[in-house]
Amino acid sequence: MRLVVVGNGMAGSRLVSEVRARDKDTKVTVFGAEAWQPYNRVLLSNVVAGTSSPDQVRLLDPRWYAEHNVTARLGVEVTAIDRDSRTVVAADGTREPYDVLVLATGSEPIVPPIPGVERATAFRTLDDCERIRRAAESARSAVVVGGGLLGVEAARGLAGRGVSVTLLHLAGHLMERQLDEEAGLILGETLGALGVAIRTGVTVSAIGERHVELAGGEPVEADMVVLACGVRPVVGLARDAGLEVERGIVVDDELRTDDPSIFAIGECAQHAGRVYGLVAPGWEQASVVADLVTGTDKGARYRGSRLVTRLKAKSVELAAMGETQLTDDEAEIVRFSHRHKGTYRKLVIRDDRLVGAILLGETSAVGTLTQLFDRGGPLPGDRTGLLFPDLAGAAAVADSPVRMPDSARVCQCNNVTKGQIRACWESGARNVEAVAAATRATTGCGSCRDAVEGIVGWLCEQEGVSA
Amino acid sequence: MVKPPVSTIGDMPISPHASAPVMSQVHVGAATHCPYCALQCGMYVANGEITPREDIPANSGGLCQKGWTAAELLESPERLTTPLLHGNPVSWDEALDYVAARIEAIRAEHGPDAVAVFGGGGLTNEKAYQLGKFARVALRTSQIDYNGRFCMSSAAAAVIRAFGMDRGLPFPITDIARAGAILFAGGNVAETMPPFVRHLTAMRSRGGKLVVADPRVTQTAKMADLHLQLTPGTDLALALGLLHIAIADGYADLDYLAARTTGFEEVRTSVSVWWPERVERVTGVPVAHMREAVRILGEAERAMVLTGRGAEQHAKGTDTVTAFVNLALTLGLPGREGSGYGCVTGQGNGQGGREHGQKADQLPGYRKIDDPAAREHVAAVWGIDPADLPGPGRSAYELLDALGTPRGPRALLLFGSNPVVSAPRAGHVTSRLDALDLLVVSDFVLSETAAMADVVLPTTQWAEEAGTMTNLEGRVLLRRQAAAPPPGARSDLEILRGLAERLGCGEKFSADPRTVFDELRRASAGGLADYSGITYERIAAETGVFWPCPDNGGDPHPGTPRPFLDRFATPDGRARMVPVDHRLPAEDVDEEFPLYLTSGRVLAHYQSGAQTRRIRPLTQASSEVFVELHPHLAERLGVSSGDRVRVRSRRGAAEAVARVTASIRPDTVFMPFHWEGVNLLTNPALDPMSRMPEFKVCAAAVERCDDRERAA
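Keeping their order, the protein sequence lines are chains A and B. Sequential numbering of the first sequence, starting at 1, is according to our numbering. Sequential numbering of the second sequence, starting at 1001, is according to our numbering.
Shown next as structure tokens:
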């Protein structure tokens, strides 16, 4: 079988390695428009922030392709699909026949049609990161246009580099797709404290040499401008080939387009009306397609993904998942807001299942909540423990010798109870050594020594009091 | 009546040590070691009285309740003293004649591989060595393996791959107290080897930090400065996430990596896909906690990464340990004085037991059985033609699984193990044992497995015989004889010689431990685990000797407390970093079996409980099998502490008493494995490299016992 993959980003490269992990024989050719080896787009914000180096974002070593017998055509764009002859045509004129074609063309940044927009840098590729990093070295001020996930991460990263940043956002609050209004507000205040000025409900009308102009004429100082205005699926190749395209390339539960020999995965694909902009769904899709095309699991199907968004920004803890905007009329809402401290916690519950959550400022519950959300398991009747995991089970720690019942086991290693220590004291033992000799308490791991000392001391004290 | 301590160790001095044990009394007795775990606490035994030794660094005067009460089994009424043939007492001659005749017959009909041997990680070095030799020389079978496969094999495979040599802790245990930080993945020493905690406490009292990764809030996790309470079966993802963070946050020791390792580039690329937020979703461990763990490790001047069975007993255990080793290497720890990676061995002689040939693919000295030079050396010591040495055989679970099948062994000789309780998918293993033509069990009590045997051979136990043990540090220790065996019991070495005599090669099998040890020294000479420079006298004089310790002829070799300081035991002297990837448990949770089941030990018991369940203070401390449930789960099931519940998996069901505790994750239940029960449920999916079964995670369901009866 000849498999051709168009796109060597997160989804395409994942598919190639998933296929190779299942099957050594399929002939695999992958086209990538960027000359770079595939890299991990998730980490690009870290590259801008300087917390990951560019050489840490590589997904596959250059040697990998040769070692795994995969033909990689990197820096070569595919310009057409000839469905009749089952061939893709590359920009360099070469033609590559396929039995199965997988489109993983990803998405491209939306560049708003504003005068001067060519002066701005979209934030999408590793090259963009490099440009932003270089600009930040000399810039004193920066504007980030777009207060979604990526814009917030870019703004935080630039502020961390000592640049004075203003984040401009069209909607009424930040990350409105993931956050309710209050969470968006608190996030803005948190960023404000880290040196990012937030302007919401604003439109950019022009980008000048050293400033950005808002609708209404107000200028905002900007030595550099970063665009994070969202992305749109790259569907031209599919559309030109006559495949069904709406917002993305329309696929079924097998990730198949309306041409059964062509699949689409990742950010270019539209499944059940949804186009995903995160990595996890693309990887789940890659796994299903790998199962199907290698015959490993012919029953593999993609049923949609649950989305968990984690902000990667230093000193800003944020997790959001599922349907966070439902109201009390539509769902059971549990909420704790502590704006002064910059923390906000919200659970959205339906039919005793967690369907959405926001954790801002404090995320120690994130592991538990993510897993409850992912698995759709039933929730405990007491919801507060979910919001405040550190409070659950915090009782019964550091019992004082006074409150401890006689049956409490003081020495785990030698199974000695407080009652036995008391009995030992009553028959004359007045220090730890004497108790140890009689009961073996403290002779194992030794960590109950303080407790035994405390009990003996307390009993001696009681004796003094009663005498 | 005062019985004098007994010694069979020639003219070696057995003076009681002058240093005062914990309870400042004067103790007289044989200076020996505890019968249980790999810490091998030093103790004096005299007249059934036990006192701890101060001169052994591992416990330095401490003992847990198991150690204190170990002597009770010496006088136990349940002690076996007469061989049993089909349940009836017979003489030793009758029993051994019968076994030898059946072996001859089965071998004649089905070939040498129809007779199998199963050993244990609690056997002394002398017995482990002799068992391997007996299988290959007297039985000429390739079919020998041991329960250490269920214990240490994943760590062993991973560190051989990384360092070229497998010594659990490649540093003295006393280094722990000097560390600035320790990450301990999947170990609960506060229950499994309590005196180990003294070293951790000493470390913490000097300002060192302890990080514990465990799905349960164990006694050990409670001591930790930071606890990573991960989802069962996700240790590998956690290790990859920590490694990702270590690199991203600038803790990679690039000079060390360049000088002492190969493969870092590939490993770095491979962890690019395990960014912290992704790992958080898989493991349930918050990113902030992972970052803090790495910071603690990365900023310490001396740091250690340790693993235990919790991380290792998985169908991906080898790769999990590899990932933790890669983390340690990235931080520049292994082979640096006071730092390192270590595996905390479990069974009493888990270390020595895996070095001297009771493993399917090994010969003494940690040699490989398919290495022609190794075969030649060992065959010369044994006085046989290398061509007559069998090749590698089946691994432990595969061996048990094959018993009584058309192509599998028809007879099994079993020493120091109780697979009816301890093997995964134990119900199936029991049916395989049932299908044998001949099952011979050597034990000192009628264990669940012995109860099934055609022939039971009553053997001596720890204090009644001498021998060496190699503890978790790789320190070879001497167990002195401290009591006379009961009339009727024979040592395993005597049993093997008795059988060898009947099989026509008795002259090759000494029953004297010291003679066997001297032969082991020659057989191990030149191997990775070289014991040739170690003698009983040196062990006694030095309270233990670290292997490798070659016989230099003239000046005695000092032994090797820290083997990797100058180079690793690989051909180029560098540690090999190998990229690994996380994958799901062999059996994940689903609607029918929605809970993770994990298993482990409790303080009062040891392994299958054959010993400790026969000691009253220990059964008083912990009397029956229980299952830990989180309050949320208990609420949903309508279960309270003390209720009887049934735990089911695809392989079986077991009843247990519910113990409701917030110390376990709501999606997980825990059962101790000292009773028949949890291993009826566990998954025998095997690690492709180590052949370790997936003891630590499978999918299960829990219900109240009365629910099911009502439904039925």
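Ideal placement from N, C-alpha and C gives every residue a C-beta, glycine not left out. None of these values were measured; they are calculated from a predicted model.
Check: So what's V1026/B in DSSP terms, helix, strand or just coil?
Finding: Translated into positions along the second sequence, residue 1026/B becomes position 26. With a pLDDT of only 48 at V1026/B, under 50, the local geometry of the prediction cannot be trusted, and no value is derived from it.
Next item on the list: Would you identify the three-state DSSP class for E1507/B, choosing helix, strand or coil?
Entry: Residue mapping note: residue 1507/B aligns to position 507 of the second sequence, counting from 1. Helix at E1507/B.
Checklist line | Within 9 Å of chain B by C-beta, residues of the region 60–83 of chain A in sequence order | finding: Taking 9 Å as the cut-off between beta carbons, the residues of the region 60–83 of chain A near chain B are L60, D61, R63 and W64, in sequence order.
Checklist line | Backbone secondary structure at T1330/B - three-state DSSP | finding: Counting from one through the second sequence, the residue named residue 1330/B turns up at place 330. In this structure, T1330/B counts as helix in the three-state DSSP scheme.
Check: Comparing alpha-carbon positions, which option in A1610/B, Y1536/B, R1691/B and A1373/B lies nearest A1070/B?
Finding: Taking the second sequence and counting its residues from 1, the one referred to as residue 1070/B is at position 70. If you compare the alpha carbons of A1610/B, Y1536/B, R1691/B and A1373/B with that of A1070/B, the shortest gap goes to A1610/B.
Note to self: In this structure, how does DSSP classify I1203/B when only helix, strand and coil are distinguished?
What the structure shows: One-based indexing of the second sequence puts residue 1203/B at position 203. The sequence shown places Met at residue 1203/B, not Ile. Helix, per DSSP.
Checklist line | Chain-ordered residues of the region 423–455 of chain A with a beta carbon less than 8 Å from chain B | finding: Along the region 423–455 of chain A, going in chain order, the ones with a CB nearer than 8 Å to a CB of chain B are E433, A436, A437, R440, T443, G444, C445, G446 and S447.
Margin query: Rounded to the nearest angstrom, what separates P281/A and V288/A at their Cα positions?
Written below: As a working note, residue 281/A is residue 281 in the first sequence. As a working note, residue 288/A is residue 288 in the first sequence. Their backbone Cα atoms lie some 11 Å apart in a straight line.
Item checked: Within chain A, partners of V1578/B - CB distance below 8 Å -> Numbered from its first residue, the second sequence carries residue 1578/B at position 578. Chain order gives no chain A residues near V1578/B, where near means a beta carbon separation below 8 Å; the closest approach is about 13 Å.
Note to self: Can you tell me where the beta strand (DSSP E) holding L149/A begins and where it ends?
What the structure shows: Reading the first sequence from its first residue, position 149 is the one you call residue 149/A. For L149/A, there is no enclosing beta strand (DSSP E); the enclosing alpha helix (DSSP H) covers residues L149 to G160.
Note to self: For M1223/B, would you say it is in contact with chain A, using Cβ-to-Cβ distances shorter than 8 Å as the test?
What the structure shows: Stepping through the second sequence from its first residue, residue 1223/B is reached at position 223. Cβ-Cβ to chain A under 8 Å: yes for M1223/B.
Check: Grouping DSSP H, G and I as helix and E and B as strand, with all else coil, what is D1145/B?
Finding: Against the second sequence, residue 1145/B aligns to sequence position 145. Note: D1145/B maps to strand in three-state DSSP.
Notebook entry, point to check: For N1326/B, does the count of other Cβ atoms within 10 angstroms reach 16, so buried, or fall short, so exposed?
Noted result: Along the second sequence, read from residue 1 onward, the residue named residue 1326/B stands at position 326. For N1326/B, the number of other beta carbons within 10 angstroms of its own is at least 16, and it is reported as buried.
Check: To which residues does DSSP link F1546/B through a beta bridge?
Finding: Position 546 of the second sequence holds residue 1546/B. Answer by DSSP bridge pairing, in chain order: R1475/B.
Check: How would you label L1254/B, buried or exposed, when you count the other beta carbons within 10 angstroms and need 16 or more for buried?
Finding: Numbered from its first residue, the second sequence carries residue 1254/B at position 254. That one is exposed.
Item checked: Own chain residues within Cβ distance below 8 Å of T1405/B, not counting five before or after -> By 1-based counting over the second sequence, the position of residue 1405/B is 405. The beta carbon of T1405/B is closer than 8 Å to those of R1432 and A1435 in its chain, skipping five residues each way along the sequence.
Next item on the list: Return the chain-ordered ranges of every beta strand (DSSP E) run that is complete within the region 1611–1657 of chain B and spans a minimum of 3 residues.
Entry: You should have 1626–1629 and 1644–1649.
Note to self: Can you tell me whether M224/A is helix, strand or coil according to DSSP?
What the structure shows: Indexing the first sequence from 1 puts residue 224/A at position 224. Assigned with DSSP and collapsed to three states, M224/A falls in strand.
Note to self: For G385/A and L391/A, what's the separation of their Cα atoms in angstroms?
What the structure shows: Residue 385/A sits at position 385 when you count from the first residue of the first sequence. Residue 391/A sits at position 391 when you count from the first residue of the first sequence. CA-CA distance, G385/A to L391/A, rounds to 7 Å.
Check: the region 1606–1634 of chain B: which residues have C-beta closer than 8 Å to a C-beta of chain A, in chain order?
Finding: For the region 1606–1634 of chain B, the set of residues with a beta-carbon nearer than 8 Å to any beta-carbon of chain A comprises P1617, Q1620, A1621, P1631 and H1632, in chain order.
Check: In or out: G162/A buried (at least 16 other Cβ within 10 Å) or exposed?
Finding: Your numbering for residue 162/A matches position 162 in the first sequence. Exposed, since its Cβ has fewer than 16 Cβ neighbours within 10 Å.
Note to self: Using the three-state DSSP reduction, which class does D291/A fall into: helix, strand or coil?
What the structure shows: Along the first sequence, read from residue 1 onward, the residue named residue 291/A stands at position 291. DSSP places D291/A in helix when its eight states are reduced to three.
Notebook entry, point to check: Are the C-beta of Q56/A and some C-beta of chain B separated by less than 8 Å?
Noted result: Here the question's residue 56/A lines up with position 56 in the first sequence. For Q56/A, the answer is yes, since a Cβ of chain B falls inside 8 Å of its Cβ.
Margin query: Between S45/A, D55/A and D92/A, which has its C-alpha nearest G32/A's C-alpha?
Written below: Within the first sequence, residue 32/A is the residue found at index 32, counting from 1. Of the listed residues, the one whose Cα sits closest to G32/A is D92/A.
Next item on the list: Give the residues from the region 15–47 of chain A that approach chain B closer than 7 Å (Cβ to any Cβ), ordered along the chain.
Entry: Taking 7 Å as the Cβ-Cβ cut-off against chain B, the residues of the region 15–47 of chain A that qualify are N40, V42, L43 and N46.
Note to self: Give me, in chain order, the residues of the same chain whose beta-carbon lies closer than 6 Å to that of G1233/B; leave out the 5 immediate sequence neighbours on both sides.
What the structure shows: For the purposes of this step, residue 1233/B is taken as residue 233 along the second sequence, with counting starting at 1. Counting only Cβ-Cβ distances below 6 Å, and skipping sequence neighbours, we find P1585 and V1697.
Notebook entry, point to check: Is the shortest distance between the beta-carbon of V1197/B and the beta-carbons of chain A less than 8 Å?
Noted result: Taking the second sequence and counting its residues from 1, one reaches residue 1197/B at position 197. Taking Cβ atoms only, chain A reaches closer than 8 Å to V1197/B, which makes this a yes.
Margin query: Can you pull the chain B neighbours of Q412/A, defined as C-beta to C-beta under 8 Å?
Written below: Stepping through the first sequence from its first residue, residue 412/A is reached at position 412. From the beta-carbon of Q412/A, the residues of chain B found nearer than 8 Å are A1190, E1191, P1194, Q1219 and L1603.
Notebook entry, point to check: With respect to the beta strand (DSSP E) encompassing C411/A, which residues constitute its N-terminal and C-terminal limits?
Noted result: Residue mapping note: residue 411/A aligns to position 411 of the first sequence, counting from 1. Counting along the chain, the unbroken beta strand (DSSP E) around C411/A starts and ends at R409 to C411.
Note to self: Alpha carbons only, please: which of V48/A, G230/A and S13/A is nearest the one belonging to L74/A?
What the structure shows: As a working note, residue 74/A is residue 74 in the first sequence. Of the candidates V48/A, G230/A and S13/A, the one whose C-alpha sits nearest the C-alpha of L74/A is S13/A.
Check: Three-state secondary structure (DSSP) at W458/A?
Finding: Numbered from 1 along the first sequence, position 458 holds the residue referred to as residue 458/A. Note: W458/A maps to helix in three-state DSSP.
Next item on the list: Output yes if chain A places a C-beta closer than 8 Å to the C-beta of C1064/B; else output no.
Entry: Stepping through the second sequence from its first residue, residue 1064/B is reached at position 64. At a cut-off of 8 Å, the C-beta of C1064/B has a neighbouring C-beta in chain A.
Check: Going along chain B in order, which residues have a C-beta closer than 7 Å to the C-beta of S407/A?
Finding: If you number the first sequence from 1, residue 407/A lands on position 407. Chain B residues near S407/A: none, gap ~13 Å exceeds 7 Å.
Check: Does DSSP put V1137/B in a helix, a strand or coil?
Finding: In the second sequence, residue 1137/B corresponds to position 137, counting from 1. DSSP places V1137/B in helix when its eight states are reduced to three.
Check: Who are the Cβ neighbours of H68/A in its own chain at under 7 Å, not counting the five residues just before and after it?
Finding: Taking the first residue of the first sequence as position 1, residue 68/A is located at position 68. Only residues of its own chain outside the window of five on either side were considered, and among them R20 have a CB closer than 7 Å to the CB of H68/A, listed in chain order.
Next item on the list: Would you kindly work out how many angstroms separate the C-alpha atoms of S400/A and W458/A, rounded to a whole number?
Entry: Numbered from its first residue, the first sequence carries residue 400/A at position 400. Numbered from its first residue, the first sequence carries residue 458/A at position 458. Distance between the alpha carbons of S400/A and W458/A: 10 Å.
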